[in-house]
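S.K.: Please see the structure below; I have some questions.
Chains as they are written, first to last, in my numbering: chain A, 1222 to 1514; chain B, 9 to 264; chain C, 14 to 558.
Here is the structure:
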């Protein structure tokens, strides 16, 4: 019962944080931007979903859609501010990193200003029902979270694998110079990428708000978890992010079972540092230095 | 000499009789930072023409191609591609407008292997088909490429990163040929390849039916182009020097 | 003069001289010269040299220079030279920054004297805060700027040291004077722990990891009872400010104590950045590490050294922080603290001490003065940071260099436009002949021919036909002079086939002993006709050239 609860919790969190990590990973490897405004996009889309549930309808799909849409808009905003003006200037990576941090500072403070410090909560978008599975009670939001996040991430990955835009994004991930030679516009593709990854953040925000509240600074912890997973899996690798999400989720479950909740972050970082010391570019880290040159 | 020549009216830039001008370059200067690589260059390429561009290393062949695609550090001058002005005076943002130029009907096959090492050969060829029409016809077009480069059929599903140099070059050229382009710029197709493979790659390029489009091949090895192209232009120190139809062999015409 | 030429010989009754004949109007040869010399491109200004004030005196005097004790370094970088015109000795201060530093620090030291009474408390407290944060940022700047390690965990080191010494002070009764040193020890331990991943990780992996470490510290202290999770921080540490003093003296003491800390941090920055370690790291800038390594620079070791030394400094500041505020709150681990700190560095400009200090001053000013506006002030700070990152390459102190680079770019663009045509010799021309005289002669000759072409007209030809020899009108005279001056090779001449009956035109070979060649079959009946034939040929050649 206890173990089952912890494991199921860990799986749910791993799914959500994995979604965030994959978003971060795709952003980094395709447009070369470390999007530390991800926490802001996360919080923003939470508020978008909240507004939709307050003023439009509390229908789960609408709320989810509103969150994803706001996230996509937030991603495009970050792209317009931090990617478009400086992407062909010298020192882009550092400046992009700092720019996204600045956006994060401005954005979260603006959210605080607009919505006040009080946390909001979203309606239960998956309804109220339970499933007993071999002694483990799985609530509706857990199943809903896992299924939705896996489905959406799989859909995004499939889309990237099969469609033309996906081909463009993947081509840009591998060789931006050659991509422009075959007629792929870096700026336009950048907007696509940031919209998609922003949408993923929005999805994660709505899903996580089934467990936690929405607050202006609520995006920070999920972002840091997402960043840790992306780091651990290797920036730019979707497979690595999935594996890392599972490993870290397992670690979280085991630590809180064996040592206690307050040691989760410590063991997690020790684990990440050990993994990074062994493989400096994460589990499935890109061993080539394509992006560095 | 050229200061004097410049004062007399410039030679008329006109396409070959009965042909359409695919590319008209007028007064193009381009370079990187403080370095000026191309000096006031005029060039016209008419449809259905295969043009050889020969010259030593560092005399601006690749830069000319990059300038047409908007990839140089800075450039100035007029470039008409199918009658549409694609050259712009700019001093930064190399590659920012390249995709729009490419969509006007340019296929640049760059020097070396600018490939996406993780994509398979098939996806690679797909990525070359950027116009909606080419994307719709990509199956047929791929068949055409496979007919030109038979070795690629077996490698369809292999990631390009695993191919040998010659195969990569085939993929790179194939990607260029997938496009719905009216101007093919081929930069040093035989560079770094074994002579035999280089020859076969060049033969494959020659077997492409140009119809209304045109092809410019930059090459250091004049002997390889001998008798295969319609016209050969020499390039020296960022200027075009001398011209000969390929049948005559290459010789510099002394001006003045 | 227009349209007619009066023959001056007419009055003397010279044979064949007509009083007035039609002629082309006078045209100045200067026009062609001007046209050819003129560049059609606009003569854009290309800037001027940098201006330095010149001080009188002997700047090169090695013997009486002020030096920093105990180094052999000069206080001011002064260049001395002789003025080439007046031959007087003069000197230039190449780098004026030490003067600005001295003035700024002096002003900061004297500021309490002129503070208005009402704001004295606020200003003294803000000054103390500024000094502490500036000291932290200087150490952080060493890590980010000098060592090039993108660590975002500097505040975490400060916080960890502060929490450690507060705990020790409360529970073990550590006196205030020991706090900074114990803090330095804690900083060393923390620095070494954090430095381990920095050996292997690349820049951005490390930045992300340190964000995580920061969060780890925050969550850990927030959850542990020992560090006062209930009171919002750990308070009650021993302070260096005696409680018995009156409040104003206490504030003044803390102000100057913090100022002292700032001076120490500046000294640390100077010692590390300006000396061996800093120089080694300047030899290995980002993306050139491989080259530096190949030339024998052990930059990794230097980086870790800088990192560890700065961490010791940060720990020292952390100990001081605890004794200054009598404890420490969790907010030092907050993401916003890191962001504000980064804003200070970025606004000032990464990689320079003045950037860290001035950036801190700006952000602290906005943060403390506009405290009533609530979150809006942070939005403002964030917007400034964003603007600086997007528009400036090196923060506020990089503006000068950036402006100069921009102006130089414009200058060189304008130069290249200027020299497009007409101006100097093009490289290819230079390659063709070694003799530059020939080059310029050709240019001149071209201009002359261009002018003479405009003189050729029906009237001139008619005039020559009538009278090939003798006084001619001005245009014809010019043409004939030019023709006569031509070199002997291929020059036309007349050969007598039969005296007074038959003449024919030949062309000279230009070589001694080689006979002239015959140009045409036509036989002229008289000498004058032959002269005219030669003239026509020459005119034709001129027009064709």
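Virtual Cβ for every residue (Gly too), placed ideally from N, Cα, C. Since the structure is predicted, the reported quantities are computational estimates derived from the model, not experimental observations.
1. Where does residue 487 (chain C) sit, in a helix, a strand or coil, going by DSSP?
2. Kindly indicate if chain B contains any beta-carbon less than 8 Å away from that of residue 1301 (chain A).
3. Tell me which residues share the same chain as residue 1459 (chain A) and place their Cβ nearer than 8 Å to its Cβ, disregarding the 5 neighbours each side in the sequence.
4. Please state the DSSP three-state secondary structure of residue 518 (chain C).
5. List the residues of chain B whose Cβ lies closer than 7 Å to the Cβ of residue 1404 (chain A), in chain order.
6. Taking its Cβ as the centre, do 16 or more other Cβ atoms sit within 10 Å of residue 193 (chain C), making it buried, or is it exposed?
7. Enumerated in chain order, which unbroken segments of the alpha helix (DSSP H) with a length of 4 residues or greater are wholly contained in the region 139-198 of chain C?
8. Who are the Cβ neighbours of residue 1504 (chain A) in its own chain at under 7 Å, not counting the five residues just before and after it?
9. Assuming residue 246 (chain C) is part of the beta strand (DSSP E), what are its boundary residues?
10. State the DSSP-derived secondary structure class of residue 35 (chain C), mapped to helix, strand or coil.
11. If contacts are defined as beta-carbon pairs under 8 Å, then residue 1332 (chain A) and residue 1264 (chain A) qualify, I think. What distance do you get, rounded to the angstrom?
12. With a threshold of 16 other CB atoms inside 10 Å of the CB of residue 499 (chain C), please say whether the residue is buried or exposed.
13. Between the Cα of residue 64 (chain C) and the Cα atoms of C:105, C:101, C:33, C:28, which residue gives the shortest distance?
14. Check whether the Cβ atoms of residue 160 (chain B) and residue 174 (chain B) sit closer than 8 Å, and answer yes or no.
15. Runs of 3 residues minimum, wholly inside the region 503-555 of chain C: which ones carry the beta strand (DSSP E) assignment?
16. Would you kindly check if the distance between the Cβ of residue 169 (chain C) and the Cβ of residue 226 (chain C) is under 8 Å?
17. For residue 378 (chain C), is the classification buried or exposed, using 16 other Cβ atoms within 10 angstroms of its Cβ as the cut-off for buried?
18. Is residue 63 (chain C) helix, strand or coil by DSSP?
19. By the three-class DSSP mapping on this structure, what secondary structure does residue 219 (chain C) have?
20. In angstroms, rounded to a whole number, what distance separates the CA positions of residue 443 (chain C) and residue 321 (chain C)?
21. Spatial neighbours of residue 193 (chain B) within its chain, please: C-beta separation below 6 Å, excluding the five flanking residues on both sides.
22. Three or more C-beta pairs closer than 8 Å, one from the region 178-196 of chain C and one from the region 311-331 of chain C: is that the case here?
23. Just the chain A side, please: which residues come within less than 7 Å of residue 118 (chain B) by C-beta, in chain order?
24. Could you tell me the distance, in whole angstroms, from the CA atom of residue 207 (chain C) to the CA atom of residue 335 (chain C)?
25. Taking only the alpha-carbon atoms, compute the straight-line gap between residue 159 (chain C) and residue 291 (chain C) and give it to the nearest angstrom.
26. Name the DSSP beta bridge partners of residue 83 (chain B), please?
27. Can you confirm whether residue 155 (chain B), when its beta carbon is compared against all beta carbons of chain A, has any partner nearer than 8 Å?
28. Mind pulling the chain A residues with CB within less than 9 Å of residue 103 (chain B)?
29. Looking at chain A, is there any beta carbon in it that lies within less than 8 Å of the beta carbon of residue 192 (chain B)?
30. Going along chain B, which residues have a C-beta under 8 Å from residue 1456 (chain A)?
31. Would you list the residues sitting across from residue 105 (chain C) in a DSSP beta bridge?
32. Does the separation of the CB atoms of residue 128 (chain B) and residue 162 (chain B) fall below 8 Å?
33. Between which two residues does the beta strand (DSSP E) carrying residue 343 (chain C) extend?
34. By the three-class DSSP mapping on this structure, what secondary structure does residue 456 (chain C) have?
35. What does the alpha-carbon distance come out to for the pair residue 487 (chain C) and residue 227 (chain B)?
36. So if I threshold CB-CB distances at 8 Å, which residues from the region 60-82 of chain B count as touching chain A?
M.R.: Straight from the coordinates:
1. Indexing the third chain from 1 puts residue 487 (chain C) at position 474. Three-state result, residue 487 (chain C): helix.
2. Working through the first chain from its first residue, we reach residue 1301 (chain A) at position 80. Residue-level contact check: residue 1301 (chain A) does not touch chain B, since none of the beta carbons of chain B fall below 8 Å from its beta carbon.
3. Residue numbering aside, residue 1459 (chain A) sits at position 238 when the first chain is read from its first letter. So the list reads 1243, 1246, 1247, 1378, once near-sequence residues are dropped.
4. In the third chain, counting from the first residue as 1, residue 518 (chain C) sits at position 505. Secondary structure of residue 518 (chain C) (DSSP, three-state): strand.
5. Taking the first residue of the first chain as 1, we reach residue 1404 (chain A) at position 183. The answer, in chain order, is 107, 110, 111, 138.
6. Counting from one through the third chain, the residue named residue 193 (chain C) turns up at place 180. Per the 10 Å Cβ criterion, buried.
7. If we require 4 residues or more, the alpha helix (DSSP H) runs fully inside the region 139-198 of chain C come out as 167-185.
8. Here residue 1504 (chain A) refers to the residue found at position 283 when the first chain is read from its first residue. Here the set comprises 1453, 1454, 1455, 1461, 1464, 1465, 1496.
9. Counted from its first residue, the third chain places residue 246 (chain C) at position 233. Here the beta strand (DSSP E) through residue 246 (chain C) covers 246-248.
10. Residue 35 (chain C) sits at position 22 when you count from the first residue of the third chain. Under the three-state reduction of DSSP, residue 35 (chain C) is assigned to strand.
11. The sequence position of residue 1332 (chain A) within the first chain is 111, counting from 1. The sequence position of residue 1264 (chain A) within the first chain is 43, counting from 1. Distance from residue 1332 (chain A) to residue 1264 (chain A) at the Cβ level is roughly 6 Å; contact confirmed, criterion being Cβ atoms closer than 8 Å.
12. Reading the third chain from its first residue, position 486 is the one you call residue 499 (chain C). With fewer than 16 Cβ atoms within 10 Å of its Cβ, residue 499 (chain C) is classed as exposed.
13. Translated into positions along the third chain, residue 64 (chain C) becomes position 51. Checking every option, the nearest Cα to that of residue 64 (chain C) belongs to C:105.
14. The residue you call residue 160 (chain B) lines up with position 152 of the second chain. The residue you call residue 174 (chain B) lines up with position 166 of the second chain. It is not a contact, given that the beta carbons lie outside the stated cut-off.
15. Taken in chain order, the complete beta strand (DSSP E) segments of 3 residues or longer contained in the region 503-555 of chain C are 505-511, 515-520.
16. Walking along the third chain from the start, residue 226 (chain C) turns up at place 213. Walking along the third chain from the start, residue 169 (chain C) turns up at place 156. Yes, they are a contact pair.
17. The residue you call residue 378 (chain C) lines up with position 365 of the third chain. Residue 378 (chain C) should be labelled exposed.
18. Start at 1 with the first residue of the third chain, and residue 63 (chain C) comes out as number 50. Shown here, residue 63 (chain C) sits in coil according to DSSP, grouped into three states, outside any helix or strand.
19. Taking the first residue of the third chain as 1, we reach residue 219 (chain C) at position 206. Three-state result, residue 219 (chain C): helix.
20. One-based indexing of the third chain puts residue 443 (chain C) at position 430. One-based indexing of the third chain puts residue 321 (chain C) at position 308. With a pLDDT of 49 at residue 443 (chain C), under the threshold of 50, the modelled position of this residue cannot be trusted, and the question is left open.
21. Numbered from its first residue, the second chain carries residue 193 (chain B) at position 185. Contacts found: 73, 116, 224.
22. Taking 8 Å as the limit for Cβ pairs, the verdict is that the region 311-331 of chain C does touch the region 178-196 of chain C.
23. If you number the second chain from 1, residue 118 (chain B) lands on position 110. Going along chain A in sequence order, the residues near residue 118 (chain B) (Cβ under 7 Å) are 1402.
24. Within the third chain, numbered from 1, the residue matching residue 207 (chain C) stands at position 194. Within the third chain, numbered from 1, the residue matching residue 335 (chain C) stands at position 322. Answer to the nearest angstrom: the Cα atoms are 22 Å apart.
25. To locate residue 159 (chain C), count along the third chain from 1; it is residue 146. To locate residue 291 (chain C), count along the third chain from 1; it is residue 278. Between the alpha carbons of residue 159 (chain C) and residue 291 (chain C) lies a gap of roughly 6 Å.
26. Numbered from 1 along the second chain, position 75 holds the residue referred to as residue 83 (chain B). The partner list for residue 83 (chain B) (beta bridge, DSSP) reads B:38, B:98.
27. Sequence index remark: in the second chain, residue 155 (chain B) carries index 147 (1-based). So, not an interface residue.
28. Numbered from its first residue, the second chain carries residue 103 (chain B) at position 95. For residue 103 (chain B), the chain A residues whose Cβ falls inside 9 Å of its Cβ are 1309, 1397, 1398, 1401, 1402, 1407, in order along the chain.
29. Against the second chain, residue 192 (chain B) aligns to sequence position 184. By this cut-off, residue 192 (chain B) is not an interface position.
30. Within the first chain, numbered from 1, the residue matching residue 1456 (chain A) stands at position 235. Close to residue 1456 (chain A), with beta-carbon spacing below 8 Å, lies no residue of chain B; the smallest spacing is near 15 Å.
31. Your numbering for residue 105 (chain C) matches position 92 in the third chain. Residue 105 (chain C) is bridged to C:67, C:92.
32. Along the second chain, read from residue 1 onward, the residue named residue 128 (chain B) stands at position 120. Along the second chain, read from residue 1 onward, the residue named residue 162 (chain B) stands at position 154. No, the pair does not count as a contact, with Cβ atoms beyond the cut-off.
33. Looking up residue 343 (chain C) in the third chain gives position 330. First-last for residue 343 (chain C): undefined, no H or E at that position.
34. Here the question's residue 456 (chain C) lines up with position 443 in the third chain. Three-state DSSP puts residue 456 (chain C) in a helix.
35. Taking the third chain and counting its residues from 1, the one referred to as residue 487 (chain C) is at position 474. Taking the second chain and counting its residues from 1, the one referred to as residue 227 (chain B) is at position 219. Computed Cα separation, rounded: 57 Å.
36. Correct list: 77, 79.
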